[in-house]
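Chain order of the listed sequences is A and B.
The letter at position 107 of the first sequence is residue 195 when you use our numbering, and the numbering goes up by one with no holes.
The letter at position 131 of the second sequence is residue 219 when you use our numbering, and the numbering goes up by one with no holes.
Protein chains: 2
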Amino acid sequence: MVPPMSDFALDPRLDRDSTLLMKLGLCQLRLMQDSRWPWVLLVPQRNGISELFDMTPLDQTMLTFETALAAKALKQATGCEKINVGALGNQVRQFHLHIIARSTGDAAWPGPVWGHGEATPWDGDARAQFTKRLLEAL
Amino acid sequence: MVPPMSDFALDPRLDRDSTLLMKLGLCQLRLMQDSRWPWVLLVPQRNGISELFDMTPLDQTMLTFETALAAKALKQATGCEKINVGALGNQVRQFHLHIIARSTGDAAWPGPVWGHGEATPWDGDARAQFTKRLLEAL
Chain A
89 MVPPMSDFAL
99 DPRLDRDSTL
109 LMKLGLCQLR
119 LMQDSRWPWV
129 LLVPQRNGIS
139 ELFDMTPLDQ
149 TMLTFETALA
159 AKALKQATGC
169 EKINVGALGN
179 QVRQFHLHII
189 ARSTGDAAWP
199 GPVWGHGEAT
209 PWDGDARAQF
219 TKRLLEAL
Chain B
89 MVPPMSDFAL
99 DPRLDRDSTL
109 LMKLGLCQLR
119 LMQDSRWPWV
129 LLVPQRNGIS
139 ELFDMTPLDQ
149 TMLTFETALA
159 AKALKQATGC
169 EKINVGALGN
179 QVRQFHLHII
189 ARSTGDAAWP
199 GPVWGHGEAT
209 PWDGDARAQF
219 TKRLLEAL
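Written out as structure tokens, the structure is:
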């Protein structure tokens, strides 16, 4: 059996750079502290995972379904042109998957968002409105 | 039923930028024409797919298992520090997943590889050697 999720410890940098929106079956769904793009993270609530293949097959499948769910909701909530999905982890080794809404003319289009300039904090209203739309779409 | 895979048409740009290594159950495993990083693509052999959630649940699961398989083989064949996985598709809409072997000090470390400088072609020997190691690890 896998350990209970209450033992899960979130990496401090992920904790600083994002805020919890809700817990799905396996993952925490978190909002990045950067309003330049609608950008969420999925973090499987398992310790000691840095690569996809460190996860059990069941967890891999759960992650895939939660990714599709979150990506579809993000697309629906934003009307974006393309969803970008990526798991890099070069700086933070705890496994985390980025899901980002992209459109022509956005701050990094058509390049990747990672490493592009400085994060722009959300203003409270825009953030509340986006979060509401996203959670409704889920 | 899904259509037979023989109907699958690969995007011309993916065809130009990568070469076929082998066909897995769902995906073509392709080597990128860029020797700066050991870098492969998985392309599900289905037409009309641009997002993960356009795929059937079974295909999503197949993709996940093939991703884990290819990522583990790439890690084993290269001894790299971290695997990067990403599906962007801002420029080429046919769904394709990048799997890249990354290590401290590589050409873009710790940033993403996409959009970084110009591709460096493989020399024939290095390419043959890498391909052999990767396919053995699979």
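Glycine included, C-beta positions come from ideal geometry on N, C-alpha and C.
Residues that residue i bridges to, as DSSP identifies them
i: B/F115; result: Inspection of the sequence shows that residue 115 of chain B is occupied by Cys rather than by Phe. Its beta-bridge partners are B/P132.
i: A/A216; result: Beta-bridge pairing links A/A216 to no other residue.
i: A/G106; result: Note that residue 106 of chain A is Ser in the sequence shown, not Gly. Answer by DSSP bridge pairing, in chain order: A/M120.
i: A/V173; result: A/I187 and B/A175
i: A/W127; result: A/I188
Close beta carbons around residue i, own chain, < 8 Å, minus the five adjacent residues each side
i: A/W197; result: R190 and S191
i: A/T107; result: R118, L119 and Q121
i: B/F96; result: Q133, R134 and N135
i: B/L102; result: R118, L129, V131, V180, Q182 and H184
i: A/A214; result: S123
Contacts around residue i, its chain only, beta-carbon distance under 7 Å, and the 5 residues preceding and following it disregarded
i: B/K170; result: R190
i: A/T166; result: P126 and A189
i: B/A161; result: L222, A225 and L226
i: B/H204; result: A195 and A196
i: B/C115; result: L130, V131, P132, Q133, L151 and E154
Residue nearest to residue i in terms of C-alpha spacing, selected from the options
i: A/N178; options: B/G205, B/V180, B/L129 and B/D194; result: B/D194
i: A/L223; options: A/R104, A/L112 and A/S94; result: A/L112
i: B/P100; options: B/K160, B/H184, B/Q164 and B/A156; result: B/H184
i: B/S123; options: B/G212, B/L226, B/Q182 and B/L176; result: B/G212
i: A/A216; options: A/L109, A/K160 and A/I137; result: A/L109
i: B/A156; options: A/Q164, A/L140, A/A159 and A/A156; result: A/L140
i: A/S138; options: B/K163, B/G199 and B/I137; result: B/K163
i: B/T219; options: B/A158, B/G205 and B/E206; result: B/A158
C-beta neighbour in chain A for residue i, strict 8 Å
i: B/L140; result: yes
i: B/R190; result: yes
i: B/N135; result: no
i: B/K111; result: no
i: B/W125; result: no
i: B/V131; result: no
i: B/V128; result: no
i: B/A159; result: yes
i: B/G203; result: yes
Cβ shell of residue i (< 6 Å), same chain only, five flanking positions each side left out
i: A/V174; result: Note on identity: in this sequence residue 174 of chain A is Gly, with Val being the wrong assignment. These residues qualify, in order along the chain: H186.
i: A/N242; result: Any property of residue 242 of chain A remains undetermined from this structure, which presents chain A solely from 89 to 226.
i: A/E221; result: One point to set straight first is that residue 221 of chain A is Arg, not Glu, in the sequence displayed. Excluding residues within five positions, the ones whose Cβ falls inside 6 Å are A165.
i: A/W210; result: S123
i: B/L229; result: There is simply no residue 229 of chain B to check, as chain B begins at 89 and stops at 226 in what is shown.
i: B/D105; result: Q121
i: A/L176; result: none
Contact with chain B by residue i, beta-carbon distance below 8 Å
i: A/T155; result: yes
i: A/G193; result: no
i: A/Q179; result: yes
i: A/L176; result: yes
i: A/W197; result: yes
i: A/Q148; result: yes
i: A/K220; result: no
i: A/P200; result: yes
Can we say the region 141-156 of chain A touches the region 134-152 of chain B, given the rule of at least three CB pairs closer than 8 Å? yes
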